[in-house]
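Numbering of the sequence shown is given in the working numbering, commencing with residue 2 and proceeding in unit increments. Don't be surprised by glycine CBs; every beta carbon is placed ideally from N, CA and C.
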Amino acid sequence: MLFISFFTKKLEMVSSPFPILNNLYRLYYKGMVKKEISLCGITDEDRVLCIGGGPFPCTAMEIAKKTGAQIEVIDYDPLAVKKAKKLINKMNLDKQISIKCAKGQELEVRDFSIIHVAFQAQPQKDILDSLLSKVNNGTKILMRSNVKELRTIFSCSKNHLRCTLLKDQEIKAQQNNACLSKRVTCLVEKIGKANELEMQRVV
Ligand SMILES: C[S@@+](CC[C@H](N)C(=O)[O-])C[C@H]1O[C@@H](n2cnc3c(N)ncnc32)[C@H](O)[C@@H]1O
C-alpha cells in the first residue's frame with residue numbers, strides 16, 4: 002500500500018501541470034467512478050466531499066463532469082493542494098470544485114451528503130470512525146479499500162453492522178487469499194445512532 006501511495010502521488014505531482022493528461026487518467030478512473038456514482042445515486046443536488054484528492058483529483062473531476070454536483074476536495078499535503086488548485090483553475094472547474102488543505106479525520110463534515118474516501122487516504126479506520134461520529138443520518142460514505150482492510154475495519158463492530166453485500170468478496174477471499182488485496186468500493190450509510198450502519202454494496 003505504501004509503495005502504491007508513494008508512486009501514485011509522485012506520478013500525479015509530475016502530471017499535474019498538464020491538464021491534457023486527464024484523458025489518460027480517465028481510462029483508469031472513468032469506469033470505477035461511473036459505478037460509484039450509480040452506487041449511491043449522486044445528482045447535481047448533492048454536496049460531495051472527496052478525501053485525499055491528490056495533485057490530480059481525477060475522481061472529483063469525473064464526479065463533477067458526470068453529475069453536476071458541487072464538490073470539495075481535501076488533501077493534507079499543502080503541495081498537492083497547491084498543484085490541484087492550479088489544475089482545477091486551468092480546467093475551468095473552479096466554480097464547481099474547491100480544494101482545501103485538511104486531514105480527513107479532523108474535518109467538519111455535516112454539510113455533505115456524499116463523502117468519498119480515496120484508496121490512499123490513511124488511516125482508513127480513523128477516517129471512517131471520525132466521519133461516522135460527525136455525519137448526519139443518511140449521509141453516504143464511499144470507501145475505496147481492499148477486502149482485507151475492510152474486514153479489519155468492520156470486524157471490531159460487527160454487531161452494529163449489516164454487512165450484507167460484503168459476502169461475495171468474503172467468499173472469494175476465503176477461496177483465494179489473493180482476493181484479500183482486491184480493490185473494492187463499499188458504501189457505508191449511517192442509518193441510526195452513531196453505530197447503526199448499513200454497509201450496502203461493494204463494486
Ligand atoms: C495521490 S492521491 C490519489 C487520489 C486520486 N487522485 C483520486 O482522484 O482518486 C491520494 C492523496 O491522499 C492524501 N491523503 C492521504 N491520507 C490523507 C488524509 N488522512 N487526509 C487527507 N488527505 C490524505 C495524500 O496526501 C495523497 O495526495
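Among the options, the one whose alpha carbon lies nearest that of residue i
i: residue 140; options: 110, 14 and 153; result: 110
i: residue 112; options: 36, 73, 3 and 17; result: 73
i: residue 78; options: 70, 52, 34 and 152; result: 52
i: residue 30; options: 135, 188, 65 and 70; result: 65
i: residue 71; options: 18, 126, 58 and 96; result: 96
i: residue 104; options: 18, 82 and 92; result: 82
i: residue 17; options: 91, 138, 34 and 7; result: 91
i: residue 56; options: 32, 84 and 45; result: 84
Between the CA atoms of residue j and residue i - distance to the nearest angstrom
i: residue 149; j: residue 63; result: 27 Å
i: residue 114; j: residue 47; result: 6 Å
i: residue 20; j: residue 102; result: 21 Å
i: residue 145; j: residue 88; result: 23 Å
i: residue 108; j: residue 22; result: 30 Å
i: residue 256; j: residue 43; result: No answer is possible for residue 256: the residues shown for the chain start at 2 and end at 204.
i: residue 99; j: residue 128; result: 20 Å
i: residue 124; j: residue 14; result: 22 Å
i: residue 39; j: residue 68; result: 10 Å
i: residue 151; j: residue 186; result: 10 Å
Any C-beta of chain C under 8 Å from that of residue i
i: residue 90; result: Chain labels in this structure do not include chain C; a single protein chain is all it has.
Rounded distance between the beta-carbons of residue j and residue i, thought under 8 Å
i: residue 188; j: residue 116; result: Between residue 116 and residue 188 the Cβ distance is about 11 Å, and since that is not below 8 Å, they are no contact.
Contained beta strand (DSSP E) runs [length at least 3] in the segment 90-170, N- to C-terminal order:
Segments of the beta strand (DSSP E) lying fully in the segment 90-170: 98-102, 115-118 and 141-147.
Going residue by residue through the segment 3-68, where are the continuous beta strand (DSSP E) segments of at least 3 residues, counting only ones entirely within it?
Assignment of beta strand (DSSP E) within the segment 3-68, counting only whole runs of 3 or more residues, yields 48-52 in chain order.
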